[in-house]
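Q:
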Amino acid sequence: MSTFSAPKGIPEYYPPASSAFLHVREGLAAPARRAGYGYIDLPMFEETELFARGVGESTDVVSKEMYTFADRGGRSVTLRPEGTAGVVRSVLEHNMHRGQLPVKLWYAGPFFRYERPQAGRYRQLQQVGVEALGSEDPALDAEVITIAWDGYTSLGLTGMRLDLNSLGCRECRPAYRAALQEFLRALDLDEPTRKRIEINPLRVLDDKRPEVQAKVADAPLITDHLCGACKDHFDTVRALLDDTGVAYTVNPRLVRGLDYYSRTTFEFVHEGLGAQSGIGGGGRYDGLSEMIGGPNLPGIGFGLGVDRTLLALEAEGVPLDLPSACQVYAVPLGDDAHGRVYALVTELRRSGVATDMAFGGRGVKGAMKAADRSGARFAVVLGDRDLAEGVAQLKDLTTGDQTPVALDALVTTIKEKLQ
Ligand code: HAM
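Here the numbering used here is used: position 210 in the sequence shown is 222, and no number is missing along the way.
#1: Which class does L253 belong to by DSSP, given the choice of helix, strand or coil?
#2: Once DSSP output is grouped into helix, strand and coil, what is the label at K20?
#3: With a threshold of 8 Å on Cβ separation, who are the neighbours of S336 within its own chain once the five nearest residues in sequence on each side are excluded?
#4: With DSSP as the reference, label E127 as helix, strand or coil.
#5: So the beta strand (DSSP E) M172 belongs to, where does it begin and stop?
#6: In the structure shown, what three-state DSSP assignment does G66 receive?
#7: Within its chain, find whatever has a CB closer than 6 Å to the CB of D271; leave out the 5 residues flanking it on each side and keep chain order.
#8: Taking 7 Å as the cut-off, does the CB of P25 come closer than this to any heavy atom belonging to the ligand HAM?
#9: According to DSSP, what are the bridge partners of T90?
#10: I'd like to confirm the pairing. Which residues does DSSP put opposite R37 in its beta bridges?
#11: Specify, as a first and last residue, the run of the beta strand (DSSP E) that K220 falls within.
#12: Does the Cβ of Y51 have 16 or more other Cβ atoms within 10 Å, making it buried, or fewer, making it exposed?
#13: Based on the DSSP output, what are the partners of R133 in its beta bridges?
#14: Ignore the nearest five residues each way along the sequence and tell me which others in G153's own chain have a CB closer than 6 Å to its CB.
#15: Okay, do the region 174-193 and the region 237-245 touch, 3+ Cβ pairs below 8 Å being the bar?
#16: Counting only the same chain and skipping the five closest in sequence on each side, list residues whose C-beta sits under 7 Å from that of V216.
#17: Per DSSP, F195 is paired with what?
#18: Kindly identify the DSSP beta-bridge partner or partners of T415.
#19: Given that a residue counts as buried once 16 or more other Cβ atoms are within 10 Å of its Cβ, and exposed if not, what is F81?
#20: Could you check what DSSP says for A388 in three-state terms: helix, strand or coil?
#21: Which of the three DSSP states is assigned to I52 in this structure?
#22: Beta-carbon of H350 versus every beta-carbon of chain D: anything under 8 Å?
#23: What do you get for D83, buried or exposed, if any count of 16 or more other CB atoms within 10 angstroms of its CB means buried?
#24: Could you tell me whether any non-hydrogen atom of the ligand HAM is closer than 7 Å to the CB of I157?
#25: V318 by DSSP, collapsed to three states: which one?
#26: Does the ligand HAM have a heavy atom nearer than 7 Å to the CB of R275?
#27: Roughly how far, in whole angstroms, is the beta-carbon of S274 from the beta-carbon of G306, given that I think they are within contact range, below 8 Å?
#28: Taking the alpha-carbon positions, what's the F63 to A379 distance?
#29: Between F123, F124, H109, which has its C-alpha nearest L117's C-alpha?
#30: Tell me whether Y134, by its Cβ, gets closer than 7 Å to a heavy atom of the ligand HAM.
#31: Using a 10 Å radius around the Cβ and a threshold of 16 neighbouring Cβ atoms, would you call L174 buried or exposed?
#32: So if DSSP puts K116 in a beta bridge, which residue, or which two residues, is it bridged to?
#33: Starting from the N-terminal side, write out each stretch of the beta strand (DSSP E) that is 3 residues or longer and does not extend beyond the region 234-292.
#34: Under 7 Å from any heavy atom of the ligand HAM, does the C-beta of G294 make it?
#35: Compute the beta-carbon to beta-carbon distance between Q139 and G315, rounded to the nearest angstrom, for a pair I have assumed lies under 8 Å.
#36: Suppose you measure from the CA of A131 to the CA of L309; what does that come to, to the nearest Å?
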């Protein structure tokens with residue numbers, strides 16, 4: 013222990029567990045790359061106003077959870093709590109929307125929310141996200157949802173549920189909102205909830221308390237209030253998902269925690285995780301560009317939680333197919349062998365073989381233990397006597413077989429055996 017520890021609520025990923033983290037992040041991003049999404053690297057912080065206007069002042073994220081501070085120039089900046097607002101800002105700033113549409117982008121990295129830390133809820137959380145801008149085509153909604161689905165299933169996850177909803181558009185949502193408010197105002201609810209009815213009534217439907225759930229059981233549902241265009245759009249999204257084998261449940265009470273959503277919204281839920289069961293979610297945000305001062309530019313995307321996906325895989329006990337970090341482990345015995353082994357190791361690495369060696373003149377016993385622990389398939393042992401004879405001992409660590417191999421033939425022999 014040193015005097016310091018990491019800030020509270022931050023999961024750190026270090027070897028050996030960090031290889032599972034990388035594997036999950038890569039597995040979630042791969043389907044997006046295959047579907048033509050280009051990588052975007054976003055700033056870790058933005059002007060505070062971008063999130064206030066984009067994500068919404070009334071959301072928990074903006075009102076309670078942002079890491080906001082003044083920089084040395086006195087500007088208010090905020091560590092990004094999510095990726096969508098930043099992507100839309102970047103697309104508009106660099107005129108990406110003036111080129112071919114839709115603009116399809118993916119990103120990965122840490123996001124920051126000052127939440128109360130608990131299992132699966134962190135202050136620095138990791139997401140893989142995609143955003144597709146410039147089209148209202150329901151096939152784009154289906155594409156985004158299918159990319160997330162394929163990411164989870166490619167990792168071997170089976171126990172997740174996909175909740176799907178449509179939140180309507182600026183034509184039909186106001187009438188629904190008013191009908192819902194009228195219903196909610198007639199209920200006996202506590203003061204904070206009554207306030208929420210006026211600011212964001214849809215969030216009341218999402219209240220987790222059973223007594224509130226019971227009271228809102230007969231609340232009007234958005235799916236019964238969609239306009240013709242939204243209903244057709246939602247029907248087509250569902251038909252496309254049906255055709256491609258993506259299993260979903262329509263949940264008209266699904267309300268996402270960010271204000272920019274319209275039409276299609278979705279969430280992946282995993283029951284193995286307890287309270288923090290949302291492993292990923294997203295939806296359409298057709299009005300977001302205008303909220304931050306841009307033109308009309310519809311969009312849809314998702315953010316998948318890498319931390320929670322790892323926990324879900326653990327909860328299901330899915331074995332991960334992780335590549336071995338080390339294929340060959342080299343052990344020099346004696347001073348003369350040391351330099352030769354170092355050169356050999358470098359040659360193996362340069363030819364593409366993952367190789368490590370025993371450092372610090374360890375005895376043969378300790379070094380062979382390290383070779384076993386490394387997960388390598390082969391150990392190369394070089395003593396001074398071997399060196400005099402121009403050979404090294406090549407030991408297959410799975411069978412225990414050991415054979416002398418001429419030093420000049422070692423790299424090619426190992427490469428052949430690894431194939
Ligand atoms: P979100 O639902 O706020 O959406 O976050 C997406 C995912 O990030 C969640 O489903 C969860 O897995 C993970 N996550 C969120 N907060 C935490 C936390 N405190 N600890 C661990 N994991 C967490 C968004 O962020 C939207 N930007 C998604 C989106 C993209 N919508 C459209 N495009």
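Just so you know, even glycine gets a beta-carbon here, dropped at the ideal spot from N, CA and C.
Bear in mind that the values here come from a model prediction, so they are computed numbers and not experimental data.
A: The short version:
#1: By 1-based counting over the sequence shown, the position of residue 253 is 241. Helix.
#2: Numbered from 1 along the sequence shown, position 8 holds the residue referred to as residue 20. In this structure, K20 counts as coil in the three-state DSSP scheme.
#3: For this step, residue 336 is matched to residue 324 along the sequence shown. Counting only Cβ-Cβ distances below 8 Å, and skipping sequence neighbours, we find A366, G387, A388, R389.
#4: Locating residue 127 in the sequence shown gives position 115, counting from the first residue. Of the three classes helix, strand and coil, the one that applies to E127 here is coil, per DSSP.
#5: By 1-based counting over the sequence shown, the position of residue 172 is 160. Per DSSP, M172 belongs to the beta strand (DSSP E) from 172-178.
#6: Numbered from 1 along the sequence shown, position 54 holds the residue referred to as residue 66. DSSP places G66 in helix when its eight states are reduced to three.
#7: The residue labelled residue 271 in the question sits at position 259 within the sequence shown. The residues are G68, T71.
#8: The residue you call residue 25 lines up with position 13 of the sequence shown. Inspection of the sequence shows that residue 25 is occupied by Tyr rather than by Pro. Result no, Cβ not under 7 Å from the ligand HAM.
#9: By one-based count along the sequence shown, residue 90 stands at place 78. Answer is E58, T80.
#10: By one-based count along the sequence shown, residue 37 stands at place 25. Paired residues: none, contrary to the question.
#11: By one-based count along the sequence shown, residue 220 stands at place 208. Unbroken run through K220: none, as it is neither H nor E.
#12: For the purposes of this step, residue 51 is identified with residue 39 of the sequence shown, where counting begins at 1. Exposed, because fewer than 16 other Cβ atoms sit within 10 Å of the Cβ of Y51.
#13: Within the sequence shown, residue 133 is the residue found at index 121, counting from 1. Paired residue(s): Q130.
#14: Here residue 153 refers to the residue found at position 141 of the sequence shown. Per the sequence presented here, residue 153 reads as Asp, with Gly not at that position. Correct list, in chain order: V249, T276, I312.
#15: yes
#16: On the sequence shown, residue 216 is found 204 positions in, with the first residue counted as 1. If we look at V216 and ignore the five residues flanking it on each side, its Cβ neighbours are L196, T205, R208, I209, V228.
#17: To locate residue 195, count along the sequence shown from 1; it is residue 183. None, per the DSSP bridge assignment.
#18: Locating residue 415 in the sequence shown gives position 403, counting from the first residue. Answer is L406.
#19: For the purposes of this step, residue 81 is taken as the residue at position 69 of the sequence shown. When all chains shown are included, F81 counts as exposed.
#20: Along the sequence shown, read from residue 1 onward, the residue named residue 388 stands at position 376. Residue state, collapsed to three classes: coil.
#21: Here the question's residue 52 lines up with position 40 in the sequence shown. DSSP places I52 in coil when its eight states are reduced to three.
#22: Given the protein chain composition of this structure (a single chain), no chain D is represented.
#23: Here residue 83 is taken as the residue at index 71 of the sequence shown, counted from 1. Answer is exposed; the Cβ neighbour count stays below 16.
#24: The residue given as residue 157 occupies position 145 in the sequence shown. No.
#25: Position 306 of the sequence shown, counting from 1, holds the residue named residue 318. V318: helix per DSSP, three-state reduction.
#26: Taking the first residue of the sequence shown as 1, we reach residue 275 at position 263. Because no heavy atom of the ligand HAM lies under 7 Å away, the Cβ of R275 does not count as near it: no.
#27: On the sequence shown, position 262 is the one that residue 274 refers to. On the sequence shown, position 294 is the one that residue 306 refers to. Not a contact, Cβ separation roughly 15 Å.
#28: Here residue 63 is taken as the residue at index 51 of the sequence shown, counted from 1. Here residue 379 is taken as the residue at index 367 of the sequence shown, counted from 1. Going by the C-alpha atoms only, they are around 54 Å apart.
#29: Sequence index remark: in the sequence shown, residue 117 carries index 105 (1-based). The shortest Cα separation from L117 among F123, F124, H109 belongs to H109.
#30: Taking the first residue of the sequence shown as position 1, residue 134 is located at position 122. Yes - the ligand HAM has a heavy atom lying nearer than 7 Å to the Cβ of Y134.
#31: Position 162 of the sequence shown, counted from the first residue, corresponds to residue 174. Buried is the call here.
#32: Along the sequence shown, one-based indexing puts residue 116 at 104. Answer by DSSP bridge pairing, in chain order: A144.
#33: 274-282
#34: Stepping through the sequence shown from its first residue, residue 294 is reached at position 282. Under cutoff, so the answer is yes.
#35: For the purposes of this step, residue 139 is taken as the residue at position 127 of the sequence shown. For the purposes of this step, residue 315 is taken as the residue at position 303 of the sequence shown. About 4 Å; that satisfies the 8 Å criterion.
#36: On the sequence shown, position 119 is the one that residue 131 refers to. On the sequence shown, position 297 is the one that residue 309 refers to. In a straight line, the C-alpha of A131 is about 37 Å away from that of L309.
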